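In full-length UniProt numbering, the protein residues as written are 1 to 123.
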Amino acid sequence: MRLYGLEQHQRIIDGIIQELGLEDYAFDIRLILIEAITNAYYHGNLSDCTKPIIVRYLLSGKRLELQVEDSGEGTGSLVFPETISGDELLDEGGRGLYLIRCFSDKAEMIRNTMYISKCVCPS
């Protein structure tokens, strides 16, 4: 799925959740994808709405695999923080990678693609 800018991302995310029948996990998936797509737009594409963001998704058994690819040069290393301060949690900027880490089972950035894995099984 290809996005340009942030105008359609909420509708597209809701479509993915519905297509995969993962309404029980809608909050987590929505949060993960909003943060990943927003990160790709601002940091990878440098807020250029002519550059695409590609979202790939696969439900394999009880595992949801997500990929969010931007059009940037990529990053050498990107740290998904394990903790952040209370002030950072309330700040609009800087908490996205932390939230992705909290709501997924695995998240990593390789070049210009964020790979995210989440178990979608009953707890």
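Heads up, the beta-carbon is just placed ideally off N, CA and C, and yes, glycines get one too. These numbers come from a predicted model, not from an experiment.
Element boundaries [alpha helix (DSSP H), containing residue i]
i: Leu20; result: 9–20
Span of the beta strand (DSSP E) around residue i
i: Tyr4; result: 2–4
Pick from the options that is closest to residue i, judged by C-alpha positions
i: Gln67; options: Asp105, Ala36, Asp28, Phe103; result: Ala36
i: Asn39; options: Glu82, Tyr115, Ser60, Asp14; result: Tyr115
i: Lys51; options: Ile17, Leu64, Glu69; result: Glu69
i: Asp105; options: Asp28, Ile53, Tyr42, His43; result: Asp28
i: Leu22; options: Asn45, Gly61, Glu108; result: Gly61
i: Ile53; options: Leu59, Ile17, Leu33; result: Leu33
i: Ser47; options: Tyr4, Arg95, Thr113, Cys119; result: Tyr4
i: Gly72; options: Leu59, Tyr98, Gly44, Tyr25; result: Gly44
i: Val120; options: Tyr41, Arg30, Asp24, Arg11; result: Asp24
One or two residues paired with residue i in a DSSP bridge
i: Cys119; result: Arg63
### Task
Pick out the complete alpha helix (DSSP H) segments inside the region 30–115, 4 residues or longer, and give them in chain order.
86–90, 96–103
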